[in-house]
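Novice: Numbering-wise, this note's numbering puts 241 at position 247 of the sequence shown, and it's gapless, one number per residue.
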Amino acid sequence: MNIKAVTSITIMEKFFFIENQWTLSITLPVEGGNLNYVFMKIFKPFFLGLSIVCGINFYAEGQTVKLTSSEGYLTTEDSLQLFYKIMGEGNDTIVVVHGGPYNSGYLSADLTPLAAHHTMIYYDQRGAGFSTFVKDTAKLSMRKNVMDIETIRKYFKIQKLNILAHSTGGIISGYYAVNYPDRINSMIFVNPMSATAKWRINFDNKLDSISILIKKQNAKKFYGTPSDSLKACWDYYALVARGYYTSPIKMRRMWGDVCDCKQANMLNPKKWYIYQSIGDWDITTQLAKVKAPVLIIAGDEDEIPYASFEQWNNNLINSTLFKISDSAHFPHVDQPNDFFNVVESFVKNKKANTFMLMSTGAGVILEGDDKGSAYQKARAAIIRIENELVQLINRGEWESVASLYAKDAIIFAPGAPPVVGRLAITSFWRTAASRGMNSIELQLMDIEISGELLIAKGKYQMNNRQNEIIDIGKFIAMYRKEKNAWVLQTDMFNSSLETRSPIEIPDYLVLKKE
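1. Thinking Asn381 and Ala356 are a contact (beta carbons under 8 Å), I'd like their distance in whole angstroms, please.
2. Check this for me: beta carbons of Asp296 and His323, under 7 Å apart or not?
3. Is the beta carbon of Asp118 less than 7 Å from the beta carbon of Trp249?
4. Ser64 and Ile88 look like a contact to me (Cβ under 8 Å); what is the Cβ gap, rounded to whole Å?
5. If you drop the 5 nearest sequence neighbours on each side, which residues of the same chain put their C-beta closer than 7 Å to that of Asp198?
6. Beta strand (DSSP E) containing Trp480: first to last residue?
7. Kindly list the residues whose CB is nearer than 8 Å to the CB of Asp86, restricted to its own chain and excluding five residues on each side of it in sequence; keep chain order.
8. Can you list, in chain order, the residues of its chain whose CB lies under 7 Å from that of Met141, leaving out five sequence neighbours each side?
9. Considering only residues of the same chain and omitting the five flanking positions on each side of Asn458, which have a CB-CB separation below 6 Å?
10. Under 7 Å between the Cβ atoms of Ile268 and Leu134?
11. At which residues does the alpha helix (DSSP H) containing His326 begin and terminate?
12. Given that a residue counts as buried once 16 or more other Cβ atoms are within 10 Å of its Cβ, and exposed if not, what is Ser180?
13. So for Met352, helix, strand or coil by DSSP?
14. Does any heavy atom of the ligand FMN sit closer than 6 Å to the C-beta of Ala479?
15. In three-state terms, what does DSSP make of Arg246?
16. Helix, strand or coil for Glu476 per DSSP?
17. Is there contact between the segment 268 to 284 and the segment 299 to 314, where contact requires at least three CB pairs shorter than 8 Å?
18. My guess is that Val128 and Ala159 are in contact by the Cβ rule of under 8 Å, so how many angstroms apart are they, rounded?
19. Measuring straight from C-alpha to C-alpha, what distance separates Ser421 and Asp254?
20. Scan the segment 406 to 438 and note each continuous alpha helix (DSSP H) run of 4 residues or more that stays entirely inside, going in chain order.
21. Compute the Euclidean distance between the alpha carbons of Ser223 and Lys256, then round it to the nearest angstrom.
22. For Arg373 and Asn388, what's the separation of their Cα atoms in angstroms?
23. With a cut-off of 8 Å on the beta carbons, I'd call Val234 and Tyr96 a contact; round off their distance for me.
24. Would you decide whether Asn335 is buried or exposed? Buried here means 16 or more other CB atoms lie within 10 Å of its CB.
25. How about Pro330 and Gln437: are their beta carbons less than 7 Å apart?
Below, the structure is given as structure tokens:
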């Protein structure tokens, strides 16, 4: 039998989960006609109701392997549409509650490494992201947002929730947990908004006077009638974001896009009503109801006072507070190695131990990855290669660095012509060091495999001898399989620090009158 065509089978939601079984019919085009198969599979409880549209691909020659991803809308009890996106297909499911209210997209891109081992469900809160625009403040209350989490739990038929919540998502999840303590399996709070209203927080504190001035100017443009509202959003939030990092340069590590949404939601003057709806809130005493394990991750330089994170920890009876140094409101962006290590440790045993797993500077490898899915096995192999690359570069062993590349490998670097072959690659990295690069960091974000070729995407950071950042950027590395091992064939990277990037502030140095 010779099957050459790629056949995609769409499984409609009503067939996805019936009485603990999934039944589907697959028709494959073969020589001489069609071949029908019927499959029945028993699903574990954590997959109950993950109503996603599944694509199953069959290849005669080669196979495409990548993270699964799907999206859709669900309806709330008051007939609003909530946008959701599912990434990964791990054994446990984590529901992500974003901050703002902005959108889930500002988190999902930078949290992609979690999808290698877990099923991540992101959703846009009511009146945010790609969910229904809402003007009626009665529909933007904390109570309504809490009910939305319960709607999500029921929609995906999850018995007990694993929640990862950031910023405002932390206080929303806190309210949910004290109202539904028996429906929580675990929670991870990332720089959560304080459990009481007593803390006064101003993210503009890190902005210099010029940045504040330009921020106000760009706010007028954004909240006016710009011809390109998405560009105006970028210009405005490029300044806003600086207050959420330890320094402006750190924000260039972020891949998430706060403007990836319905612009009407971003411009809605009522979008912050959630805080007005709870007045001078204080749920500290109620937190004792929550028995499930909780991990609180806190950047030590956030504008939310560290004492606020300690208050969460003191009032939750089964929690651990993990401080990440040299990070602010986005520790998963500032210090990804520390962040993903502690998250994976916590999810693995729910005790928030801070021991290191089989981790490297380029990513976290879990026990069993080498015998896991095709994605996990390849990902683990690439992380090991990139970690070895980092170690060799940082030790200045240039010939050994070049040996990790294929003989005919090529580097496409910023501000330079193509660098071809191991001899030239040796010279390239030696020259980079002579011009100030003392160390490099890599973070693998995602991979995609097609047959004997693999594409890896990630972030890099270069530091000088004083451990100061001299460059932050992104890379695409292409690997090919030789003798059943992946070899670096094409290395492409570019900086994110251009002074006049097209998504940065166009008039930063010269203010123009409106």
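C-beta: ideal position from N, C-alpha, C; glycine also. These numbers come from a predicted model, not from an experiment.
Specialist: Straight from the coordinates:
1. With a contact defined as Cβ atoms closer than 8 Å, Asn381 and Ala356 qualify at about 5 Å.
2. Using a Cβ distance threshold of 7 Å, Asp296 and His323 count as a contacting pair.
3. Taking 7 Å as the Cβ cut-off, Asp118 and Trp249 do not qualify as a contacting pair.
4. The pair is not a contact, with the Cβ atoms about 16 Å apart (cut-off 8 Å).
5. In the same chain as Asp198, and ignoring 5 residues on each side of it, the C-beta atoms closer than 7 Å to its own belong to Ile206, Gly237, in chain order.
6. Looking at the DSSP string, the run of the beta strand (DSSP E) that includes Trp480 is 479 to 489.
7. Hits under 8 Å: Phe40, His112, Thr113, Asn156, Val341.
8. So the qualifying residues of the chain are Glu71.
9. Excluding residues within five positions, the ones whose Cβ falls inside 6 Å are Gly430, Asn432, Ile464.
10. The beta carbons of Ile268 and Leu134 sit closer together than 7 Å.
11. That run of the alpha helix (DSSP H) goes 325 to 328.
12. By the 10 Å Cβ count, Ser180 comes out buried.
13. Since pLDDT at Met352 reaches only 44, below the 50 mark, its modelled position is unreliable, and no value is offered.
14. With respect to small molecules bound, the structure shown includes none, and the ligand FMN cannot be examined in it.
15. Helix at Arg246.
16. Assignment of Glu476 by DSSP, reduced to helix, strand and coil, places it in the strand class.
17. The way I'd put it, the segment 268 to 284 does touch the segment 299 to 314; three or more beta-carbon pairs between them come closer than 8 Å.
18. Val128 to Ala159, Cβ: 21 Å. No contact.
19. The straight-line gap separating the alpha-carbon atoms of Ser421 and Asp254 is approximately 41 Å.
20. Here the runs fully enclosed are 416 to 428.
21. When the Cα atoms are used, Ser223 and Lys256 turn out to be separated by approximately 10 Å.
22. Straight-line measurement puts the Cα of Asn388 at about 22 Å from the Cα of Arg373.
23. With a Cβ gap of about 10 Å, Val234 and Tyr96 do not count as contacting.
24. With 16 or more Cβ atoms within 10 Å of its Cβ, Asn335 is classed as buried.
25. The answer is yes: Cβ separation under 7 Å.
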